[in-house]
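Going by our numbering, the residue at position 751 of the sequence shown is 746; the numbering climbs one at a time, nothing skipped.
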Amino acid sequence: MVKTSIFNSLLASALVVLAGCGGGGGGGGPVEPPAEGYTLGGTLTVPETSAVDSDSNDPNQAGRKANDSFATAQQLMSPVYVLGSVNLPGKGPEGPNFSVGDELDGFQVDLKAGQVIELEFSADPTVNDVDLYVFAEGSNVDSPPIGVSDGQRSYECLRIERPGRHYIAVVAYTGAALYNMRIGAPGEGGNCSNVVQTAGGMVAGEIVAKPRSAAGADAQAGDQARARALRAGGLSVAATAAGVPGLLRLPADDAERALALDRLASLSNPSTGERTKQLASGEGSASTAAAHAAKRAARGLPPAFQHVIDTVTYAKHLARTGLYDYAEPNYRMTASALVGPYPPNDRLYANQRWHYEMIGLPAAMNRLVPLAAQLTQRPIVAVIDSGIVADHPDLQSQIVDAASFTGGNGSFLANADDPSRPGDPTGFHGTHVAGTVAALTFDGNGVAGVAPMAQLRPIRVFAQGADTSSSNDIAQAILYAARLANVSGRLPQRRADVINLSLGGTRSCPAVYADVINQARAAGVIVVAASGNETASANNAPANCPGVISVGAVDATKKRAFYSNTDPALSLAAPGGDSRQSTTGTGLPDEVFSTLGDFNGSTRVPSYGGMMGTSMATPHVAAVMAMMRFANPNITVEQIDALLAAGRLTDDLGAGGRDSAFGFGLINADKAVAEALATSGTAPVPIAGTIVAQPSSIDFGALRTTADLTLALQGGASGETVVSVTSSSPAVTVTPVAVDAANLGTYTVTVSRDSLPTGSTFATLRVTTSARAFDVQISIQKLAPGAVPAADFGRVYVLVIDPATEEPVGQVAANAVNGKYSWSLPGIKLSRVQIVAGTDLDNDNLLCQRGEACGGYPQFGAGLSVLELTGNRTDIDFELSPYGGVSTAGAGATSEPPRVFRRLAAGAAR
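Here it is, written out as structure tokens:
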């Protein structure tokens, strides 16, 4: 899921909020609105790569146009992030697609080798199953490259092997679902093993199925039922034997397959009663066959492509009868560690690449690989936050000595499982932070953690349903983490090495914080805290307490993030992201990507997504501190203080030396690990340094013309130098701006679109060094003459919420114009309001559900700010981001919103 969460922590007394999420309010009493009410308005922005399915189920969608055939396929440029919906007839909410169905959404896009198409949908895949197919145009008609991703799961993906025009089909197998589809630049997608290849990687028309075992009368009944199923589907048995898988063949004729699929679909659905028996016996009208033939003709799919889709559908129908242990296409086949070589094989690492490469993590991890056998003491990072999704597959095996201190009085529980229910405000903030610290890595699944060798000690300090905590609960948590006396009388087996505090309040350091942090440091614990997200000129507490490493945030271009607090006492900076931008070639907003939780109905499920804030920057630093303790368990907090002050753990940014925007600079994991090894009394592992590009890919979109590229040496000493940086395209030039004798430093990359064709262009910068050569991927889009940016998430509904009742009191709808939404709503007769906006692609009258776009003022997170109105406001501007999806890995998605909002009745919309 991809969502921002920035709290405006203007809180009274000792209350604290999560530094990455929140809301506050203004001062003074309410002002009585005028009789005509106030007029509110502003602008909503979306990532430049945004797109929307042209025939969603929202009847109010502007320019609604069918895209359910190859002839009407919706044209896309990549990178792109698409929100959409599909459904079978009679499934899903009422709307223009309900009766007739919207079973297939077709897209046409020119793609390069190495690009990955990722599809994520919001519904339970056992009830609402969506599959992804890709057809490569211009290929051999008899054996075209076809890609299939057809698992019964909420994520599908396909990797492109050959450049050219491709048709994408998002197909509803059962039910109805919202979906998010993302196509990144070459090499910037997830780790996908499904490839678009000749014949789709399967033998079209063949299914491998194993009959379900039974004995006696049950065996006889099973054989009879299977015979009916084979007859209904027109399937022939090519090879079979008792108790072993057999090969089944589909009818060769397309029209015969269409009718047989209808019969088999009814047989696989036990709710159809007598009709099932009739169809299973071979009954079926000519009109049914004609209807299917007409529908197929309207789709205009190439016969070989339709044959592959039929094969997958047949297999799924057979599996749903319950008569087989499994039934699947006849596929063609070709030939977790604590540390490991980079890049890791975790499926979603591509979404994290920008922020991990920025801090030199690949070089740091590669430095530790030769030492893996001798570095055995796993450091512990205490994440004092909103709790953790304890059964998350990327986290559960990393947890040790979890605890909760809540209620203001330090009420203790010996677990930190996040108790959030749908609508609760904390948004799985602690789960996101914990994943950045130490998600399982090198296991081929999910995301990577900065320090997977670390163990996690989650300590929950936010009660269920609360978005604030107290200084007492947090102080008790700090003491527990440090294995010091606390009100619970409980102590963990071992003290934490590092404490992460991605929370804070806008006040000077309370005495209780100063006391317990001093005790923790004396016990040998490194304390790291978020500086805050108010664009203020002072650190929040506890980041402003003595001895704390306070962390500011930078965006994907290494600039200070717009929200990050500044302070002369700031310690350092780390990647925090900016959801308003999409510059890294993934198609996602520039957010920090990590573990999350989500809900299918009321059931909590593990998920993934993006967030931004100093909360997200802080765990990068905490994890690097853990890596230092892994490399040298005896390194002291005083030694780390000295190394930081000497600039030996960071790369300087901004003004020379320490400054209020970046502290001592950007955290550098490789420098930190090398210093820890040196401090241990042992020479650092002699690994030659390597020249790397930061960022490793650049997305210029349709408007951007310049970008900075840094070539830097990561790792140990090296004689490697940059020989040249050349562009594969005359439209892309690169100029050194500030480089040293080895040609390391900053370059400016400039794009001129004059000579480029309309659409997407992918170029490369070839960096040749004295030892090797590597490429930096460049993505560019050029609009047609007179065209304007087409970023669009569909029709957006802006709601004005009464914070007293949490119900909408006003609503206006807006369509995208030049990539932005402008809105204005008069007649608001309240003096205190909240603003939220979102899409409703499935037309269920609910906003901010998983799979749709959502936003709120000033940033949509665990709480919305309350606006105190004293007059008209036309400056209520904020961003919309996908919620759920690939980045929940989510459609990018995001953390769980505070609540799902119900649209006003149609007559109330303006």
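For every residue, glycine included, the Cβ atom is placed at its ideal position computed from N, Cα and C.
query: Around the Cβ of Gly58, are there at least 16 other Cβ atoms within 10 angstroms (buried) or fewer (exposed)?
result: The residue is exposed, with fewer than 16 neighbouring Cβ atoms inside 10 Å.
Distance between Thr306 and Val239 (C-alpha atoms, nearest Å) = Distance from the CA of Val239 to the CA of Thr306, rounded to the nearest whole angstrom, comes to 21 Å.
Meets three-Cβ-pair contact criterion under 8 Å: the segment 602 to 609 and the segment 579 to 587: Counting C-beta pairs closer than 8 Å gives three or more between the segment 602 to 609 and the segment 579 to 587, which meets the contact rule.
Arg868 and Leu35: beta carbons closer than 8 Å? Yes, Cβ-Cβ distance for Arg868 and Leu35 is below 8 Å.
Legend entry - For His424, the three-state DSSP class (helix, strand or coil): Here His424 sits in helix by DSSP.
On the DSSP bridge list, what partners appear for Leu83? Note: Leu83 sits in no beta bridge, so no partner.
Use the C-beta contact count for Glu31: other C-beta atoms within 10 angstroms, 16 or more gives buried, fewer gives exposed.
Exposed is the label assigned to Glu31, since fewer than 16 other Cβ atoms lie within 10 Å of its Cβ.
message: Just to check my reading of the structure: Leu567 and Phe659 have Cβ atoms closer than 8 Å, yes? What is that Cβ distance to the nearest angstrom?
response: Rounded, the Cβ-Cβ distance is 5 Å, consistent with contact.
| task | Report the partner residues of Phe407 according to the DSSP bridge assignment. | result | According to DSSP, which records beta bridges pairwise, Phe407 is partnered with Phe400.
Mind pulling the beta strand (DSSP E) runs of 3 or more residues that sit fully within the segment 431 to 498? Fully enclosed beta strand (DSSP E) runs of 3 or longer: 450 to 455, 493 to 496.
- DSSP three-state assignment for Asp320, whether helix, strand or coil: Residue state, collapsed to three classes: strand.
| request: Classify Pro893 as buried or exposed, calling it buried when 16 or more other Cβ atoms lie within 10 Å of its own Cβ. | output: Only weak support is given to the placement of Pro893: the predicted model assigns it a pLDDT of 45, under 50, and the value that follows is read from those uncertain coordinates. It is buried - the Cβ of Pro893 has at least 16 other Cβ atoms within 10 Å.
Around the C-beta of Gln110, are 16 or more other C-beta atoms found within 10 angstroms, so that it is buried, or is it exposed? The residue is buried, with at least 16 neighbouring Cβ atoms inside 10 Å.
Checklist entry - Are the segment 825 to 840 and the segment 526 to 542 touching, with three or more C-beta to C-beta distances below 8 Å? => result Taking 8 Å as the limit for Cβ pairs, the verdict is that the segment 526 to 542 does not touch the segment 825 to 840.
- prompt: Thinking C-alpha only, which one of Asp562, Ala515, Ala525 is nearest Val632?
  reply: Ranking Asp562, Ala515, Ala525 by Cα distance to Val632 puts Ala515 first.
Simplified DSSP assignment, three categories, for Phe657: In the structure shown, Phe657 adopts coil according to DSSP, grouped into three states.
- prompt: Can you tell me where the alpha helix (DSSP H) with Met611 in it begins and where it stops?
  reply: First-last of the alpha helix (DSSP H) with Met611: 609 to 626.
Exercise for review: Under 7 Å Cβ to Cβ from Pro336, same chain only, skipping five residues before and after it: list those, please.
Suggested key: Close CB contacts of Pro336 within its chain, under the 7 Å cut and outside five residues either way in sequence, are with Asn361, Val364 (chain order).
message: Less than 8 Å between the beta carbons of Ala204 and Tyr319, yes or no?
response: Between Ala204 and Tyr319, the C-beta spacing is below 8 Å.
Whose C-beta lies closer than 6 Å to the C-beta of Ala667 among residues of the same chain, with five residues either side of it excluded?
-> Excluding residues within five positions, the ones whose Cβ falls inside 6 Å are Val619, Met623, Leu644.
TODO: Out of Asn810, Asn629, Pro298, state which residue places its alpha-carbon closest to the alpha-carbon of Ala250.
DONE: Closest in alpha carbon position to Ala250, among Asn810, Asn629, Pro298, is Pro298.
* Proximal residues to Thr329 (C-beta, below 7 Å), its chain only, five neighbours per side dropped -> At Thr329 the pLDDT is 39, less than 50, meaning the model places this residue with poor confidence and gives no usable figure here.
Quiz item: Between the segment 166 to 176 and the segment 762 to 771, are three or more C-beta pairs nearer than 8 Å?
Solution: Using a C-beta cut-off of 8 Å, the segment 166 to 176 makes no contact with the segment 762 to 771, since fewer than three inter-stretch Cβ pairs fall below that distance.
Query raised in the report: Looking at Ala617 and Asn495, is the spacing between their C-beta atoms short of 8 Å?
Result: Contact flag set, yes.
*Using CA coordinates, which residue listed in Ser464, Ala556, Gly418, Gly441 is at the minimum distance from Ser406?*
Taking the Cα of Ser406 as reference, the smallest distance to any Cα among Ser464, Ala556, Gly418, Gly441 is reached at Ser464.
Could you tell me which uninterrupted beta strand (DSSP E) segments, each at least 3 residues in length, are contained entirely in the segment 67 to 145, listed from first to last along the chain? Counting whole runs of 3 or more residues, the segment 67 to 145 contains the beta strand (DSSP E) stretches 75 to 82, 99 to 106, 111 to 116, 125 to 131, 140 to 144.
**Prompt:** Which of the three DSSP states, helix, strand or coil, is assigned to Arg294?
**Reply:** DSSP places Arg294 in the helix class (H, G or I) of the three-state scheme.
Legend entry - Distance, Val895 Cα to Gln844 Cα: Distance between the alpha carbons of Gln844 and Val895 is about 6 Å.
### Exposure label - Gly317; buried when at least 16 CB within 10 Å
Classification of Gly317: exposed, given that the 10 Å Cβ count is below 16.
Requested in this report: Mark Ala506 as exposed unless 16 or more other C-beta atoms lie within 10 angstroms of its C-beta, in which case mark it buried.
Outcome: Per the 10 Å Cβ criterion, exposed.
> Per the contact definition of three or more C-beta pairs closer than 8 Å, is the segment 524 to 531 in contact with the segment 554 to 566?
Replying inline: Between the segment 554 to 566 and the segment 524 to 531 there are three or more inter-stretch CB-CB distances shorter than 8 Å, so the stretches are counted as touching.
When you compare the CB positions of Glu323 and Pro784, do they come within less than 8 Å of one another, or not? Cβ distance not < 8 Å, so Glu323 and Pro784 don't count as in contact.
Exercise for the section: Ignore the nearest five residues each way along the sequence and tell me which others in Gly642's own chain have a CB closer than 8 Å to its CB. Expected result: Residues Gly652, Phe659, Gly660 of the same chain have their beta carbon placed closer than 8 Å to that of Gly642, with the five preceding and five following residues left out of the count.
**Item:** C-beta contact flag for Val143 and Val303 at 8 Å
**Value:** Val143 is a Cβ neighbour of Val303, given a cutoff of 8 Å.
Item to check | Cutoff 6 Å; reference Asn838; Cβ partners in own chain excluding five residues on either side | outcome: The answer, listed in chain order, is Asn52, Asp53, Pro88, Gly90.
### Message
For a test of the three-state rule: what should DSSP assign to Asn175, helix, strand or coil?
### Response
In the structure shown, Asn175 sits in a strand (DSSP, three-state: E or B).
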